[in-house]
Structure formats: C-alpha cells, structure tokens
Amino acid sequence: MKTLVIGATGNTGSILIPALIKSGQKVRAFVHHEQKAQALKEAGAEIYVGDLDRPETIDGALKDIDQVYFCLWNGPTAATQGINVINAIKRVGTNSFVVRHSAFGSKGSRIIQQIDEVDNALKASGLHWTSIRPTFFMQNLLMAASTVQQDGSIYWDWADGKVGMIDVRDVAESALGALTGKAEEGKEYVLTGPAPVSMKDVATTFSKKLGKKVNYVPVSHEASKQAMMGMGFPEFIVDGYIELNEGFSNGVANTSTKNVQLLTGHPARSVEDFASDFKDYFISHN
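Positions 1 to 286 (the UniProt record's numbering) are the ones given, in order, by the sequence shown.
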C-alpha cells in the first residue's frame, strides 16, 4: 500500500508516518516547506512539496496512491483546502480510500464549522472514506506547564465542564488502525479518553503525579483569549478555541467511546498516563 499523508508535519502526522512505514506501507508526505520534513525523510517517507491553497499542486501528489489521510490546520482557509483535496482526488480519478482527520466539538466554533464543511463535502463526493473525530488533545495541557511550574496552578476557561480528552498518541495510533484495515467505510469514529474529566480532575491527577499541590483556577473566556494572543496564536484560531471552550464548559464533549480500543487494540490512555509520561514538562528544573 502507498499512503499520501496530508498534514504530515503536524502533531498526528509526525507520529503516524513512522508507524505506517514500520507497518510496511510506503508513505508520501505532503508538506508546504521541505525543510520541516527532514525527520520524516530520514524515517523513510517520500517528500512531496505542495500548497493546499493551490489546487494544481495537489494532483501530482496523488499519483500511484492507494490511500489518503488528511488533517488540516485550524485557520480560516481550512474548508477551502479540504475541498481542494477532495476535488483533486475526484479529478485524478484515483480509487483511493480516504481517512479524514476530523474533530468532535462545539458546533458554535468556527473551527468545527469549517471541519464540518469539509466532512459534508467528503460524504457527498462519492469517494470511499472513513473519519476519525478526536476531542480535546491532552497535549494542549502543555500550555499550562509554565504556570504549574511557577505557582502550581492550571488557569483554564472550562468552568466545571468535563471533556473526554484524548492523548494525541492514541489519535495517531487510531489513524494507523484506520489505514490498516480496522475501520469501516462510511463510518465516523469519535475518539476520546477512557472517561470525561474536568480541569479540577486534571489538577488532582497532576498533584498526585508531580508530588506537589496543583490547583485549577477557572478564568473567563476573555482572559483566556488574551493569554493565547500573548502566545502568538492567530486571532481566528484563538476565537475558534474560545468557542470550543465555551462548548466544553457546557458539556458538549462530556462523553467517552471505545473507538480507540476498536482501532488500536488497546485502551485509550488516561490523564494519569499522560501526566506520568509528560511530568518533566511540568516540573521546574531551576
């Protein structure tokens, strides 16, 4: 099998590609900047440079491809890019199986609205597809590393909301499962951790794993926006995240599924697992 991975240098793609190669598949990595793909090249991937905003650069990436996995950014052109990919697959006339990296979150978020637009286009395309729909990534908690180090606090705008948050490693492994015959065509797989958790639950877990008291401090959505803008995130994406967090506060993703087990053969990682594996990021080494 030869798989085209779009979103190759992202959180999921960078884990997925070496795993695909290890499983015996050939991989073509679609990248915007070749210099960012050196690690993927060293892992054995073929590098293809293109631009999802320029449809004419997509067609060549599909030559001799059996499967397409595509994950897009969360910016304002995401829907256009996704539709460009779908149209290119149709235009080239390949019979490729498409695994779509979608998402599960609030319909009030501009990010989810764009994701849904692409998903709906894929469903109407006549192509062979399945999709994975992860919730909030546990790795996003790394944004709280500095405040956990400094004053033992997690500042977040979830109020008391609970979310079936998922480890990105499970997302990548679920994508691998979908690309190696474990997913049904035409089915959407919502991906979560083993149980919904609140930020208060996260703080309690961190306290145990880090060996120090960690508190959850609820903040306003406006304060959260200011913090993310200060980190350099584009405003469109920040507003989309705030809208997602509003949904999480209201229980939109207060759910769990067994789909990670179904696609990977192992249970989903818990917050306890994440905290154990990433605790060094939250401990001050001064």
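Yeah, the Cβ is synthetic: ideal placement off N, Cα and C, and Gly gets one too.
*residue 67 by DSSP, collapsed to three states: which one?*
Here residue 67 sits in strand by DSSP.
*asked:* Please report the straight-line C-alpha distance between residue 162 and residue 256, rounded to a whole angstrom.
replied: Cα to Cα, residue 162 sits roughly 11 angstroms from residue 256.
*asked:* What residue range does the beta strand (DSSP E) around residue 27 cover?
replied: It spans 26-31 - the beta strand (DSSP E) in which residue 27 sits, taken as one unbroken run.
*asked:* Suppose the cutoff is 7 angstroms on Cβ atoms and the five residues either side in sequence are ignored; what does the same chain contact list for residue 17 look like?
replied: Non-local C-beta neighbours of residue 17 in its own chain, meaning closer than 7 angstroms and more than five positions away in sequence, comprise 5, 8, 27, 29, 40, 43 and 45, ordered along the chain.
*asked:* I want to know whether the stretch 212-232 touches the stretch 92-110 - three or more CB-CB distances under 8 angstroms.
replied: With contact defined as three or more Cβ pairs closer than 8 angstroms, the stretch 212-232 and the stretch 92-110 are not in contact.
_Check for me: the alpha helix (DSSP H) holding residue 100 runs from which residue to which?_
Following the DSSP letters along the chain, one finds residue 100 in no alpha helix (DSSP H) but inside the beta strand (DSSP E) bounded by residues 97-101.
*asked:* When you compare the stretch 165-184 with the stretch 260-268, are there three or more beta-carbon pairs, one atom per stretch, that lie closer than 8 angstroms?
replied: Counting C-beta pairs closer than 8 angstroms gives three or more between the stretch 165-184 and the stretch 260-268, which meets the contact rule.
*Where do the ends of the alpha helix (DSSP H) carrying residue 128 lie?*
Residue 128 -> not in any alpha helix (DSSP H); beta strand (DSSP E) instead, spanning 128-134.
_Span separating the alpha-carbon of residue 152 from that of residue 234_ = Residue 152 and residue 234: Cα-Cα distance of roughly 28 angstroms.
*In this structure, does DSSP put residue 254 in helix, strand or coil?*
In this structure, residue 254 counts as coil in the three-state DSSP scheme.
*Count the other CB atoms, across all protein chains shown, that sit within 10 Å of the CB of residue 194; report buried if there are 16 or more and exposed otherwise.*
It is buried - the Cβ of residue 194 has at least 16 other Cβ atoms within 10 Å.
*Nearest CA to the CA of residue 241: which residue from 1, 67, 22 and 108?*
When each option's Cα is compared against that of residue 241, the closest is 108.
*Can we say the stretch 86-93 touches the stretch 121-132, given the rule of at least three CB pairs closer than 8 angstroms?*
Verdict: yes, contact present.
*Anyone know if the C-beta pair for residue 76 and residue 236 falls short of 7 angstroms?*
Between residue 76 and residue 236, the CB-CB gap stays under 7 angstroms.
*If we ignore side chains and look at the alpha-carbon of each, how far apart do residue 36 and residue 83 end up?*
Between residue 36 and residue 83, the C-alpha separation is close to 24 angstroms.
*What are the boundary residues of the alpha helix (DSSP H) that residue 235 is part of?*
That run of the alpha helix (DSSP H) goes 235-249.
*State buried or exposed for residue 243, treating a residue as buried only when at least 16 other CB atoms are found within 10 Å of its CB.*
Residue 243 is buried by the Cβ-count criterion.
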